[in-house]
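**Q** First residue of the sequence shown? That's -13 in my numbering, and the numbers climb one at a time after it.
Before I ask anything, here is the structure I am working with.
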Amino acid sequence: MFYRNPVEKFRLLSAQEQAGRGRSDVEIVIVCVGRVRENNLTALCHDYAGRIERCGHAVKVIEVKEEPGGRPDDLVVGRESARLAERIPAGAWTVAMDLRGQVMTSRKFAAGFGRLVERGTRSVCFLIGGPLGLSADLLASCRQRLALSRMTLTHEMARLLLLEQLYRANTIIRGEPYHK
């Protein structure tokens, strides 16, 4: 995988872009607070992003700066959410990853993603907040709220699980044997 812009160090080129062929179906953008600190999790994130790209979707992961600790929670959430909002692509279908969001099966998630592809949605943007979550304003501005689990997850694990579920959704849509 190749990186296009050092500022967005996790901007992965799609398989089509690498080969110089056309565009992907849907650009998947994951905007998240903080970076993955564990090398093994980083490797897994890159692996799933590459798998998704081989399904024909560009994957772009944008990390925004975490707010330093020791500040009031509402200030931290507000500033981190503002940074996330600034990076949402224009016209993107926005999905807030939120503990209180909708929990769904992998098949239902795949069906929803498939509908977005069928409608010609150009960009789907998933927002992953820091330890304190997302601001009420940012949550309200999103088209959808999704929970990966009712359990609390680190933003690093949430990113990995989201990428895995996006890959799984693509295999379900394509009728591949990954999902059992």
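All C-beta atoms in this analysis are idealised placements derived from N, C-alpha and C, irrespective of residue type, glycine included.
Does the distance from the C-beta atom of aspartate 84 to that of alanine 133 stay below 8 angstroms?
**A** Contact: yes.
**Q** Alpha carbon to alpha carbon, how far is histidine 32 from valine 50?
**A** Rounded to the nearest angstrom, the two C-alpha atoms are 18 angstroms apart.
**Q** To the nearest angstrom, how far is it from the Cα of leucine 61 to the Cα of serine 135?
**A** One C-alpha to the other measures close to 26 angstroms.
**Q** Could you pull the start and end residues of the beta strand (DSSP E) that isoleucine 48 belongs to?
**A** Segment 45 to 50, the beta strand (DSSP E) holding isoleucine 48.
**Q** Using a Cβ-Cβ cutoff of less than 7 angstroms, which residues in the same chain neighbour valine 17 once the five nearest sequence positions on both sides are dropped?
**A** Correct list, in chain order: Ile48, Val50, Leu70, Arg73, Ile74, Cys111 and Leu113.
**Q** Run the CB neighbour count on threonine 80, radius 10 Å, all protein chains shown included, and call it buried at 16 or more, exposed below.
**A** The residue is buried, with at least 16 neighbouring Cβ atoms inside 10 Å.
**Q** Please identify the residue among Thr157, Val15 and Arg21 whose C-alpha is closest to the C-alpha of alanine 76.
**A** Checked all of Thr157, Val15 and Arg21; the closest Cα to alanine 76 is Val15.
**Q** Taking DSSP as the reference, what is the three-state secondary structure of glycine 8?
**A** In this prediction, glycine 8 scores a pLDDT of 39, lower than 50, which makes its location untrustworthy; no coordinate-derived value is stated.
**Q** Specify, as a first and last residue, the run of the alpha helix (DSSP H) that glutamate 142 falls within.
**A** Looking at the DSSP string, the run of the alpha helix (DSSP H) that includes glutamate 142 is 141 to 160.
**Q** With a Cβ-Cβ cutoff of 8 angstroms, do glycine 98 and arginine 131 count as a contact?
**A** Their beta carbons are not under 8 angstroms apart, which means glycine 98 does not touch arginine 131 by this criterion.
**Q** Here's the rule: buried if 16 or more other CB atoms are within 10 angstroms of the residue's CB, otherwise exposed. What is arginine 65?
**A** Buried is the call here.
**Q** Give me the DSSP bridge partner(s) of phenylalanine 95.
**A** DSSP lists no partner for phenylalanine 95.
**Q** Specify, as a first and last residue, the run of the alpha helix (DSSP H) that leucine 30 falls within.
**A** Unbroken alpha helix (DSSP H) run through leucine 30: 25 to 40.
**Q** With DSSP as the reference, label alanine 76 as helix, strand or coil.
**A** DSSP places alanine 76 in coil when its eight states are reduced to three.
**Q** From arginine 160 to leucine 120, what distance separates their C-alpha atoms?
**A** Cα to Cα, arginine 160 sits roughly 33 angstroms from leucine 120.
**Q** Using alpha carbons as the reference points, say which of Ala35, Glu39, Ser67 and Ala29 lies closest to aspartate 11.
**A** Among Ala35, Glu39, Ser67 and Ala29, the Cα nearest to that of aspartate 11 belongs to Glu39.
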